[in-house]
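Right, one structure below, let's go through it.
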Amino acid sequence: MPLSPAFVPSVAPISSVSRSSFVSSVRPVAYHAAQLPSYASRVSHSVVKCSWKPLDITSENFESDVLKSDKPVLVDFYAEWCGPCKLMSPLMDWAATEFKGKLKVVKVDTDKDDVLIDTYSIRGLPTFAVFKDGEAFGVREGAMGKPALEDYILKYAPEVA
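Residue 2 in the UniProt record's numbering sits at position 2 of the sequence shown, and the numbers go up by one each step.
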């Protein structure tokens, strides 16, 4: 029996369509949907690439997670209301996934942390810095595209290539 579109009652004048006839017309679609193979049986066994997210950092854990890190750390100083910061968010996710295990990617919400803003003289958003051995390298303000972000990371943390 062919499947009909969901929630489309049979053709009848509006006055003749009642709630009970509408519900009964939906039942066959729900029945057929239940008969479909389960989602798990349709998943291929190919490799699935997981995505990683940047860590949210505050002044309380900045020293342990950034300054004392055994890997280079890309820090994104951002704010929720900042348009260019929102544009960079997917690229930060990309960097966290692309350089997983070699580069730590973290985000600092500047609206919630005045201490780090003053310490690193953050004046514009977004601002990026690569930290290695407790020092900031290549502090840069402004949004950038994926190729520029990749070049920036490789310039200041060539060991992640």
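Heads up, the beta-carbon is just placed ideally off N, CA and C, and yes, glycines get one too.
Since we're looking at a predicted model, the values are computed, not measured.
Complete runs of the alpha helix (DSSP H) confined to the stretch 105–153 [at least 4 residues]: 114–119
- prompt: From what residue to what residue does the alpha helix (DSSP H) around residue 77 run?
  reply: Counting from one through the sequence shown, the residue named residue 77 turns up at place 77. Not the alpha helix (DSSP H): residue 77 falls in the beta strand (DSSP E), residues 73–78.
Proximity below 7 Å, CB of residue 72 to CB of residue 126: As a working mapping, residue 72 is identified with position 72 in the sequence shown. As a working mapping, residue 126 is identified with position 126 in the sequence shown. In this structure, residue 126 does not lie closer than 7 Å to residue 72 by Cβ.
Through-space distance from residue 116 to residue 143, alpha-carbon basis: For the purposes of this step, residue 143 is taken as residue 143 along the sequence shown, with counting starting at 1. For the purposes of this step, residue 116 is taken as residue 116 along the sequence shown, with counting starting at 1. A straight-line Cα-Cα distance of about 20 Å links residue 143 and residue 116.
- request: Grab the span of the alpha helix (DSSP H) containing residue 93 for me, first residue to last.
  value: Along the sequence shown, read from residue 1 onward, the residue named residue 93 stands at position 93. Per DSSP, residue 93 belongs to the alpha helix (DSSP H) from 83–98.
- prompt: Mind checking whether residue 92 and residue 54 have CB atoms under 7 Å apart?
  reply: Here residue 92 refers to the residue found at position 92 when the sequence shown is read from its first residue. Here residue 54 refers to the residue found at position 54 when the sequence shown is read from its first residue. Yes.
query: What is the rounded straight-line gap between the Cα of residue 129 and the Cα of residue 59?
result: Walking along the sequence shown from the start, residue 129 turns up at place 129. Walking along the sequence shown from the start, residue 59 turns up at place 59. The straight-line gap from Cα to Cα measures roughly 15 Å.
message: Buried or exposed, going by whether 16 or more other CB atoms sit within 10 Å of the CB of residue 133?
response: For the purposes of this step, residue 133 is identified with residue 133 of the sequence shown, where counting begins at 1. An exposed status is given to residue 133, since fewer than 16 other beta-carbon atoms sit within 10 Å of its beta-carbon.
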